[in-house]
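Down below is the structure, laid out as structure tokens.
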Amino acid sequence: MTVARRSILITAAAMAGAPVLGGVVQPPGLSSPAHADGTDIDLDQWLRIPSLSDDFTSPIDPSRWRRGLWYPTSGVGAFRDENADVSGDNLRLHARRESYGGKAYTFGAVESVFDTPGVCSYVEVRAKALTTAANVLSAIWLQSSTLEGTDTLMTHPNPEIDVQETFKNHAMSMATHLWPAGGGHIAHGGREYASRLDVSQDYHMYGVERRDGRIRFYWDRHLAWDLPAPDPSLWRMSRHVVLSLEGHRGRPVDSRLPATFDIDYVHTYSLDTRIPSPERWIRVIDPGTGLCLTRTGEGVVLAEDHDQDSAIWILDRQDDLTCVLTGPDGGVLGLEHKDGGSGTSVRAVAGAATGPDTQGSRQRWHCLEAGGGFQLLSKLSGLPLVVDQGRPVLGRDSSSAPHPWRLEAA
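So in the UniProt record's numbering, spot 186 of the sequence shown is number 186, and the numbers just go up one at a time.
Structure, rendered in structure tokens:
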């Protein structure tokens, strides 16, 4: 994607049929405001992931957050690194009346370096929106750029989940989008969840759960919207957390500036799928053929078990409950292609990254019980490892016909 997401939002909104009044973006395709008859989310079944969470008790850590976004301006404002800081155990994003980058206002924004999973995850942000009287939009959303400050998103089809955008003073405004590689924009519409109070008057918890082919949004842990994912990538692909001030509401009210969007915490959870774990030293066997996942000079293949070390894998569970599979020779099982789409081959590379960022997600796997064995789903794309024409590759969406692997003690 080479065209900035926010700088073209007015044009994209118009193309999608959303109203654009006086340069102000209206949320596209929102259903009428309504309270959902949902239930509270029960976090007793979820584990918080320290490496993918932040309580903002210390200055912004560049290994966890990048200041600014992949587009330099939003409406009448320009993003400025100095407009994002930590004080009073809050991340504070500032809106100011000052000239910068050819704009009359400056905004703060950050994007996480850490990569939150799909498949069975819940992300919650406790925040107090910037005062709505200032007419600057506060946004909490999931999207992944290359983190290089260039106008490029990370992984096709670049699904975006807008958890909260303060288009309305008394509502949680949610939406989903795709930004396919090569340009274009698909808006899947959204929903408003009405609040009796101005959302900027106090802190609220904004949450999004992604699992079982669905997306569930929560306001103060109460279900606000439950929908089948309009595109499978929206529920299964890993995403960065983005917190930003935006110029979508038009001209700010100078007398109400400076003002801040205050974030108390970002917490990421995984559904507790821990089971009696398979042995740490294992063979990964395709039950259909009885062949083992094996490292060779020509890549990772399926081969007969000859009691060779090349068919042995060491399974290490990470704090996000995904797994890393490493051979005794140091080769780490990962993806050949950066997007991890259907048909992607796997490889084993010694010393490959396995950390909590996007690069590490290419070598992490959800290991979930299925069909009498275990599904291996890429953390990056959420697609299953399957056998296609005798080759181990990523398959299509796994919800209808899971491909179980036998994980046997080596």
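The beta-carbon is built from N, C-alpha and C at its ideal position, and this holds for glycine as well.
Other residues of its chain near residue i: CB distance less than 8 Å, five sequence neighbours each side excluded
i, result
"W46", "Y122, Y269, S270, L271, D272"
"A171", "P33, E192, Y193, A194, S195, V199"
"P180", "M1, H156, P157, N158, I186"
Residue i versus residue j: straight-line alpha-carbon distance, rounded
i, j, result
"P392", "D89", "47 Å"
"T354", "V387", "24 Å"
"D55", "E279", "35 Å"
"H403", "A109", "41 Å"
"W235", "D262", "27 Å"
"S53", "H306", "44 Å"
"G395", "A401", "10 Å"
"G343", "A78", "40 Å"
"L43", "R221", "9 Å"
"L227", "Y203", "25 Å"
"T150", "G371", "43 Å"
"T146", "W70", "8 Å"
"A175", "E82", "29 Å"
"L368", "G213", "15 Å"
"P59", "A129", "20 Å"
"H177", "A224", "18 Å"
"S310", "V241", "38 Å"
"E408", "A350", "23 Å"
"A410", "G341", "30 Å"
"W405", "L385", "9 Å"
Any non-hydrogen atom of the ligand ADP closer than 6 Å to residue i Cβ
i, result
"F107", "The model depicted lacks the ligand ADP and carries no ligand whatsoever."
Rounded distance between the beta-carbons of residue j and residue i, thought under 8 Å
i, j, result
"I49", "D320", "5 Å"
"H97", "D254", "Checking the sequence, you will find Arg at residue 97 rather than His. About 5 Å separates the two Cβ atoms, so the contact holds."
"R210", "Q143", "That belief does not hold up - the Cβ atoms of R210 and Q143 are roughly 14 Å apart, past 8 Å."
"G382", "M237", "6 Å"
"D397", "P232", "5 Å"
Simplified DSSP assignment, three categories, for residue i
i, result
"W235", "helix"
"E148", "coil"
"P50", "helix"
"S44", "First, the residue type needs correcting, since residue 44 is Asp and not Ser in the sequence shown. In this structure, D44 counts as helix in the three-state DSSP scheme."
"D89", "coil"
"A175", "strand"
"E209", "strand"
"D115", "coil"
"Q143", "coil"
"A133", "helix"
"G360", "helix"
"S342", "coil"
"R391", "strand"
"R256", "helix"
"A401", "coil"
"A311", "helix"
"D320", "coil"
"E298", "coil"
"A410", "coil"
Closest Cα partner of residue i within the set the options
i, options, result
"R80", "Y100, V119, T344, W313", "Y100"
"G182", "T155, Y203, S195, W313", "T155"
"D85", "D61, W70, A127, S53", "D61"
"residue 455", "T294, D316, Q389, V301", "No answer is possible for residue 455: it lies beyond the span of the chain, which begins at 1 and ends at 410."
"R191", "G395, D397, F217", "F217"
"L245", "G102, D397, E111", "E111"
"V266", "D115, A78, T106", "D115"
"T57", "W65, L91, G372, E82", "L91"
"L302", "E148, R283, S145, D357", "R283"
"A134", "H188, D226, G250", "G250"
"G288", "D397, D357, Q389, V253", "Q389"
"N169", "T150, T131, P180, V332", "T131"
"D357", "G297, P117, P258", "P117"
"C292", "G247, E148, I312", "I312"
"P252", "L383, H94, E82, L69", "H94"
"T296", "L315, D286, G327", "G327"
"P159", "L368, G184, W225", "G184"
"E148", "L407, P72, T39, I285", "P72"
"G247", "S87, K103, V76, H188", "V76"
"I215", "G340, I161, V242, T260", "I161"
"V332", "G360, D339, H188, G102", "G360"
"S41", "S310, S345, W219", "Sequence check: residue 41 is Ile here, not Ser. Closest by alpha carbon: W219."
"Y105", "S74, A127, S87", "S74"
"F107", "A409, V119, P258", "P258"
"T260", "W281, V136, R274", "V136"
Sequence-distant residues of its chain with Cβ nearer than 6 Å to residue i (five each side left out)
i, result
"G299", "R347"
"Y206", "V125, I140, V163, Q164"
"R362", "G334, L335, L380"
"T152", "T146"
"A352", "V332, G334, Q363"
Same chain, Cβ closer than 7 Å to residue i, neighbours up to 5 away in sequence not counted
i, result
"W365", "T322, C323, L325, L376, L377, S378, K379"
"R64", "D54, S112, V113, F114"
"R256", "T131, A133, A134"
"Q318", "V324, R364"
"H337", "T344"
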